[in-house]
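Peer 1: Let me begin by handing over the structure; questions about it come next.
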Amino acid sequence: MWEKISNYYPPWLEYIAPLLLGAALIYTYSVYPELPGQFPTHFDLYGVPDAWQPKSFGSVYLALIIGTLVWLSLVMLNYFLIIKPDDPGKFINITPRQKEQLGPAGLEAIRRITARGMIMINITMAAMISSLHYQSIQTALGLQADHSYVILIFGAALLIESIWLTVKTLRMTWTPRR
Numbered sequence: 008m009w010e011k012i013s014n015y016y017p018p019w020l021e022y023i024a025p026l027l028l029g030a031a032l033i034y035t036y037s038v039y040p041e042l043p044g045q046f047p048t049h050f051d052l053y054g055v056p057d058a059w060q061p062k063s064f065g066s067v068y069l070a071l072i073i074g075t076l077v078w079l080s081l082v083m084l085n086y087f088l089i090i091k092p093d094d095p096g097k098f099i100n101i102t103p104r105q106k107e108q109l110g111p112a113g114l115e116a117i118r119r120i121t122a123r124g125m126i127m128i129n130i131t132m133a134a135m136i137s138s139l140h141y142q143s144i145q146t147a148l149g150l151q152a153d154h155s156y157v158i159l160i161f162g163a164a165l166l167i168e169s170i171w172l173t174v175k176t177l178r179m180t181w182t183p184r185r
């Protein structure tokens, strides 16, 4: 598996997301007894808490559970649908004529860019969820009042990454009409 991944990006990149989520989990576990009876579970666009729940395993750990499921889903998607298949064009949604014109090298280039884009998005998602969760705990402990635009920064980063990946792959799949 790692050898196959190394054809597309450095395999150590796969460790960043679980390390971020794991650090958030360890921090949460370490401060859980100190958390007050109410935990912030929703924030408005400006990062100000606008919903609170009674402290429970679900209210405190739900974001990390969802983050872990998102991370695992993106890892599986990237590996099993993009990296692992022998045919690089198997899951590329273009016409057979375009696949023929691009050839194996063109299809492989699209797979390489897509795999790199997916790991980039996965790391950004894990960083966003870990950061927002950390800030939720800080808010619950009274150490900060809001998330101070963190969601906007990460949201913009994810949007830019997604647009970059879309534009890059669309440019690579464009073939002139005969």
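Numbering-wise (my numbering), the sequence shown opens with residue 8 and increments by one. C-beta atoms are modelled at their ideal positions from N, C-alpha and C, and glycine is treated no differently. Bear in mind that the values here come from a model prediction, so they are computed numbers and not experimental data.
Looking at the structure shown, is T48 part of a helix, part of a strand, or coil, going by DSSP?
Peer 2: Correct three-state label for T48: strand.
Peer 1: How should M125 be labelled, buried or exposed, when 16 other C-beta atoms within 10 angstroms of its C-beta is the threshold for buried?
Peer 2: M125 should be labelled buried.
Peer 1: So, under 8 Å CB-CB, P17 and W9 are touching, yes? Tell me the CB distance rounded to an integer number of Å.
Peer 2: With 8 Å as the limit, P17 and W9 do not qualify as a contact, their Cβ atoms being about 10 Å apart.
Peer 1: For M179, tell me which candidate among S80, N100, Q142, Y15 has the shortest Cα-Cα distance.
Peer 2: Nearest option by C-alpha distance: N100.
Peer 1: Output needed for M132: all residues of its chain with C-beta closer than 8 Å, excluding positions within five of it in sequence on either side, in chain order.
Peer 2: Excluding residues within five positions, the ones whose Cβ falls inside 8 Å are A24, G74, V77, W78, L81, L165.
Peer 1: For I160, which residues from the same chain have a beta carbon less than 6 Å from its beta carbon, with the 5 sequence-adjacent residues on both sides left out?
Peer 2: Here the set comprises nothing.
Peer 1: Using alpha carbons as the reference points, say which of I72, S169, L52, Y86 lies closest to L27.
Peer 2: When only C-alpha atoms are compared, the closest one is I72.
Peer 1: Are the beta-carbon atoms of F50 and K62 separated by less than 8 Å?
Peer 2: No, they are not a contact pair.
Peer 1: Can you tell me whether N14 is buried or exposed? The criterion is at least 16 other CB atoms within 10 Å of its CB, across all chains shown.
Peer 2: Result: exposed.
Peer 1: Using CA coordinates, which residue listed in R123, P92, W59 is at the minimum distance from W171?
Peer 2: Comparing Cα positions, the closest option is R123.
Peer 1: List the whole-angstrom C-beta distance separating L42 from L148, where the pair is believed to meet the contact cut-off of C-beta under 8 Å.
Peer 2: About 7 Å separates the two Cβ atoms, so the contact holds.
Peer 1: Indicate the three-state DSSP secondary structure (helix, strand or coil) for W59 in the structure shown.
Peer 2: W59 falls in the strand class under three-state DSSP.
Peer 1: Look at the alpha carbon of D94 and the alpha carbon of S169, and state the distance between them as a whole number of angstroms.
Peer 2: Cα to Cα, D94 sits roughly 24 Å from S169.
Peer 1: Could you give the first and the last residue of the continuous alpha helix (DSSP H) run that contains F161?
Peer 2: Residues 157 to 180.
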